[in-house]
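Engineer: For reference, each letter of the sequence shown is one residue, going 168 to 935 in the numbering used here.
All C-beta atoms, glycine included, are put in the ideal place defined by N, C-alpha and C.
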Amino acid sequence: PGPGECVKVGNFQSPLLGSIQAAVTAGTLSRMADEGLWMTAQHLRDLAPERRHATLAATTLQLETSLIDSILGMFDKLIGKLSRRAERRTADRALQSVREAHGQLAALARACRVLISACEQGGNPKMAIENATGWANFVKNVASAEDIARPETVDPRTELIMRYATVKPFAQILLSGLSFQGVPACQLLLDALAIMRDMYQSGLRKLPDKVPTTFIRRSWRPFVIVQGEVDRRSYEICTLSELRDRLRAGDVWVEGSRVFRSFEDCLLPLPVFQALRHEGPLPVAVSGEPMDHLGMVGQSLDGALQQVGTLAESNKLPDVTIKDGELKVTPHKADTPDAAVALRNAAYGLLPRLRITDLLIEVDSWTGFSDCFLHQRSGKPPEDRTALMTAVLADGINLGLARMAESCRGITAGRLAWAHDWHVREDCYAAALSRIIDVHRAVPLANAWGDGSTSSSDGQFFKAGGRGEAIGDINAHHGNEPGVSFYTHISDQYGPFYTKVIAASASEAPHVLDGLLYHQTGLQPSEHYTDTGGATDHVFGLCHLLGFRFAPRIRDLKDRRLYLPPGLKAPEILVPLLGGRIDANHLAINWEPLIRLAVSIRAGTVTASAALRKLSAYPRQNGLAVALRDLGRLERTLFTLDWLRDPGLRRRTGAGLNKGEARNALARAVFFNRLGEMRDRSFENQSYRASGLNLLVAAIILWNTRYLELAFAELARRGMTVSTELMKHVAPLGWEHISLTGDYSWAIEEFGDGGMRPFHRPVSLLAA
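(1) Is the separation between the beta-carbon of T938 and that of I523 shorter than 8 Å?
(2) Would you kindly work out how many angstroms separate the C-alpha atoms of G476 and I489, rounded to a whole number?
(3) For L356, I'd like the list of residues in its chain whose CB is within less than 8 Å of its CB, leaving aside the five on either flank, ordered along the chain.
(4) Under three-state DSSP, which class holds D625?
(5) Exposed or buried, K781, counting other C-beta atoms within 10 Å across all chains shown (16 or more means buried)?
(6) Is it a yes or a no for the segment 232–249 touching the segment 301–308, going by three-plus beta-carbon pairs under 8 Å?
(7) Which one or two residues does DSSP pair with Q348 in a beta bridge?
(8) Going along the chain, which residues of its own chain have a beta-carbon closer than 6 Å to the beta-carbon of Y367, five neighbours each way excluded?
(9) Quick one: using the 10 Å Cβ neighbour count with 16 as the cut-off for buried, is H711 buried or exposed?
(10) Under a three-way DSSP split, which group does T655 fall into?
(11) Going by DSSP in three states, I578 sits in which element: helix, strand or coil?
(12) Indicate the three-state DSSP secondary structure (helix, strand or coil) for G639 in the structure shown.
(13) Looking only at its own chain, which residues have a Cβ that is under 6 Å from the Cβ of G700, when we skip the five neighbours before and after it?
(14) Reducing DSSP to helix, strand and coil, say where K781 ends up.
(15) Residues in its own chain within less than 6 Å of L798 by CB, not counting five upstream and five downstream?
(16) Quick one: grab the DSSP three-state call for V397.
(17) Give every residue of the same chain whose Cβ lies closer than 7 Å to the Cβ of I362, excluding the five residues on either side of it in the sequence, and list them in chain order.
(18) Run the CB neighbour count on D726, radius 10 Å, all protein chains shown included, and call it buried at 16 or more, exposed below.
(19) Would you mind stating whether A775 and D625 have Cβ atoms separated by less than 8 Å?
(20) When every heavy atom of the ligand NAP is checked, does at least one fall within less than 7 Å of the C-beta of L356?
(21) Based on the DSSP output, what are the partners of P663 in its beta bridges?
(22) Run the CB neighbour count on S858, radius 10 Å, all protein chains shown included, and call it buried at 16 or more, exposed below.
(23) So what does F717 bridge to, in DSSP terms?
(24) Apart from the five residues just before and just after N902, which ones in its own chain have a Cβ nearer than 8 Å to its Cβ?
(25) Just to confirm before moving on: does the CB-CB distance between F839 and L517 stay below 8 Å?
(26) Once DSSP output is grouped into helix, strand and coil, what is the label at F926?
(27) With DSSP as the reference, please indicate the residues paired to V487 in a beta bridge.
(28) Alpha carbon to alpha carbon, what distance is there between G714 and V889?
(29) Would you call the segment 659–676 in contact with the segment 686–698, where contact means no fewer than 3 C-beta pairs closer than 8 Å?
(30) Excluding five sequence neighbours on each side, which residues of the same chain lie with their C-beta closer than 7 Å to the C-beta of A599?
(31) In whole angstroms, what is the alpha-carbon distance linking R602 and V530?
(32) With 16 other CB atoms within 10 Å as the buried threshold, where does I283 fall?
(33) Span of the alpha helix (DSSP H) holding G563?
(34) Quick test of your reading: I657 and R830, contact by CB under 8 Å. State the CB separation rounded to the nearest angstrom.
(35) For P929, count the other beta carbons within 10 Å of its own beta carbon; 16 or more makes it buried, fewer makes it exposed. Which is it?
(36) Measuring only the C-alpha atoms, how far is T469 from A737?
This is the structure in structure tokens:
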């Protein structure tokens with residue numbers, strides 16, 4: 168959407184729609200709006216007048232909310248993009264200035280050294296400088312140093328203020344089209360926004376004599392207040408930058424928004440929470456009293472500290488050394504036995520060769536996953552299963568409906584579009600994935616890889632094809648290459664049980680818990696692994712509250728300080744690793760809000776990712792954010808001590824993450840069309856691509872697992888050594904036997920005994 172979308176929001180807003188929203192439950196409105204979004208004018212005409220009016224009203228309300236969220240998302244990206252560009256240009260300019268003035272700076276340093284020496288020896292400083300560099304050169308070099316030290320040379324805010332002409336047109340429409348509200352602490356910011364809105368509407372060029380300035384941060388003040396006067400451009404850019412931060416934190420919200428709403432509105436109402444607490448027990452993994460919990464954590468930490476300290480002093484920590492205050496952990500290297508490699512090659516050599524369409528038909532016959540794609544209006548399973556399966560395949564292999572119609576004989580683009588519009592939704596994909604994963608869990612071979620109690624998650628980057636400006640931003644891993652990440656959770660049995668689309672520039676950490684809480688499968692993982700990108704203190708704290716053991720592989724572990732509760736002492740060898748102590752009293756005061764947050768997330772009032780994003784955006788002094796951070800620091804400290812003394816934990820974490828990386832290789836092979844690039848601009852279509860891909864990967868894994876089980880039995884019958892120890896090294900992630908390209912035709916074949924395909928029989932090239 169463009170800035171003009173604010174005008175559309177203004178056209179939508181009316182008191183009548185607001186009264187409808189207050190009188191009807193959110194679930195009913197959502198269902199009616201989802202139906203209305205897919206209806207054509209002809210469908211609406213066929214409805215009874217009352218039903219038609221209700222559907223249009225619900226759809227309008229949802230469109231209003233979507234437009235508001237899109238506008239605010241665009242504002243967030245605009246300020247973020249300009250800020251990053253300003254930082255980059257400022258860094259380049261500062262580096263160039265230093266290079267150009269290198270000679271003068273070196274001469275100035277020599278002159279200063281001579282000056283220091285003259286002062287220490289009682290000489291004449293001015294004569295010393297005159298003899299060393301000459302007084303005129305000294306003055307010139309000082310001027311060069313002053314140029315480099317100017318704020319506009321080293322502070323990106325100067326560059327950001329220069330983009331005022333880019334920001335102002337959007338800000339004018341933003342402030343006139345949306346209604347901002349906030350907590351009392353943000354009232355001065357809201358007053359500043361009101362002043363800006365009035366100035367834009369009246370055409371005034373000068374700020375009023377008195378404007379709110381208390382909300383301006385110290386780093387901004389030298390730019391905003393110049394010689395006692397408030398600079399308008401700097402003031403407006405500073406205000407908009409602060410607005411972005413407060414929107415992210417939930418201190419400021421917009422009426423009608425779903426994403427940018429009050430943090431208090433995200434939680435269970437306090438009376439409801441207190442009633443649940445009175446009835447008990449609450450769905451959290453900690454005791455009700457904070458001091459009791461801190462006492463138990465303190466005992467665990469004390470025992471772990473003493474054991475790790477004793478082992479470290481005697482240099483008996485496995486693959487870990489602590490020397491001169493520096494921690495070093497030798498990475499564990501995975502070792503696959505040669506016999507397992509031979510078993511893998513032999514087993515995959517027996518697997519039948521088939522097309523991806525045949526594989527989907529066979530998996531559907533085992534699971535009935537196609538029944539989950541219910542019609543939007545009637546709620547019935549699809550009658551045209553061929554069109555449905557083709558539409559799902561088009562999502563999964565990144566081909567698109569139009570290109571798929573060209574590659575699939577007998578199916579038109581219109582037929583595919585109808586099936587996709589009325590039967591393919593995110594909830595349908597989730598239900599279908601659940602069926603496949605649960606059938607996979609029941610295959611005996613899956614137990615060779617794990618019991619389903621552990622899982623891992625990782626993001627997979629897909630480059631944006633064509634114009635990708637709106638899809639991705641600059642990020643640490645991929646530079647300025649636009650794209651998105653598919654963030655996927657996978658069980659220790661290789662089942663990919665959850666996936667979602669996130670911005671490539673976004674942190675993965677807030678999304679770790681979403682997959683553990685909101686998947687629809689029968690899996691119940693209790694231990695979860697991520698890489699460094701998923702590891703924050705907030706995630707540690709929330710995982711602990713919700714009963715998950717969080718075990719990330721942290722790349723910079725030696726730089727992460729340990730934190731202890733008051734009164735607990737660490738062995739001398741571990742003291743250099745300490746970073747401080749948590750505030751137990753502050754944690755106790757905020758204990759009930761922490762429990763309320765965890766219960767709200769469990770109840771689905773707010774998603775874990777939304778809550779964590781808001782908490783991470785809060786200023787450092789926010790009580791709830793600091794309390795969750797301190798709880799997380801204690802849990803991270805205990806985890807770090809376990810990591811140092813338990814090589815089994817390090818091996819499990821590495822194995823879990825390796826499974827996720829291997830799954831990503833299969834996903835990359837399946838998602839091969841359009842050069843493997845994401846060319847869909849809307850989040851909805853991107854989500855369909857991610858869900859379709861994950862469904863295809865899960866289907867391949869299930870199919871491979873069932874046929875590998877038969878292959879292992881056949882190889883054992885032929886006399887080959889087949890054991891659980893060897894089978895656990897053979898992953899169900901191969902795809903060489905599956906034809907992913909060519910024409911996509913659907914034909915039910917006759918299989919061998921038991922409804923399974925016969926083993927592959929290699930044909931010798933030397934045969935007559």
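Structural biologist: Reading off the structure:
(1) Within the shown structure, residues of the chain are numbered from 168 to 935, placing residue 938 beyond reach of any answer.
(2) Distance between the alpha carbons of G476 and I489 is about 10 Å.
(3) Cβ neighbours of L356 beyond the five flanking positions: G349, P379, F382, T406, E409, L410, R413 and V419.
(4) D625 falls in the strand class under three-state DSSP.
(5) Counting Cβ neighbours within 10 Å, K781 comes out buried, since at least 16 surround it.
(6) With the rule of 3 Cβ pairs closer than 8 Å, the segment 232–249 does not count as touching the segment 301–308.
(7) Residue pairing by DSSP places Q348 opposite W420 in a beta bridge.
(8) Taking C-beta separations shorter than 6 Å and ignoring five residues to either side along the sequence, the partners of Y367 in its chain run Q339, following chain order.
(9) The residue is buried, with at least 16 neighbouring Cβ atoms inside 10 Å.
(10) Three-state result, T655: strand.
(11) I578 falls in the coil class under three-state DSSP.
(12) Confidence at G639 is low in this model, with a pLDDT of 42, below 50, so the placement of that residue should be treated as unreliable; the coordinate-derived value is given next. Three-state result, G639: coil.
(13) Hits under 6 Å: E675.
(14) DSSP, read as helix, strand or coil, puts K781 in helix.
(15) Cβ neighbours of L798 beyond the five flanking positions: G708.
(16) In this structure, DSSP gives V397 an extended state, which the three-state scheme calls strand.
(17) Shown here for I362: same chain residues with a beta carbon closer than 7 Å to its own, the five before and five after excluded, namely P375 and V378 in chain order.
(18) When all chains shown are included, D726 counts as exposed.
(19) In this structure, A775 lies away from D625, with their beta-carbon atoms at least 8 Å apart.
(20) Of the ligands one can find in the structure shown there are none, so the ligand NAP has no counterpart to examine.
(21) DSSP output for P663 lists I657 as bridge partner(s).
(22) Answer is buried; the Cβ neighbour count reaches 16.
(23) Looking at the DSSP assignment, F717 forms a beta bridge with H695.
(24) This sequence places Trp at residue 902; Asn is not what is there. Cβ-Cβ distances below 8 Å link W902 to L833, A836, V837 and I867 in the same chain, with the five nearest sequence neighbours on each side left out; the list follows chain order.
(25) Not closer than 8 Å, so no.
(26) DSSP places F926 outside both helix and strand once states are collapsed to three, so it counts as coil.
(27) Paired residues: V496.
(28) C-alpha separation (whole angstroms): 37 Å.
(29) Cβ pair count under 8 Å is three or more, so yes.
(30) These residues qualify, in order along the chain: F536, C539, F540 and L862.
(31) Computed Cα separation, rounded: 10 Å.
(32) Exposed.
(33) Unbroken alpha helix (DSSP H) run through G563: R552 to G563.
(34) With a Cβ gap of about 5 Å, I657 and R830 count as contacting.
(35) Exposed.
(36) Thr is not the amino acid found at residue 469; the sequence shown has Asp there. D469 and A737: Cα-Cα distance of roughly 8 Å.
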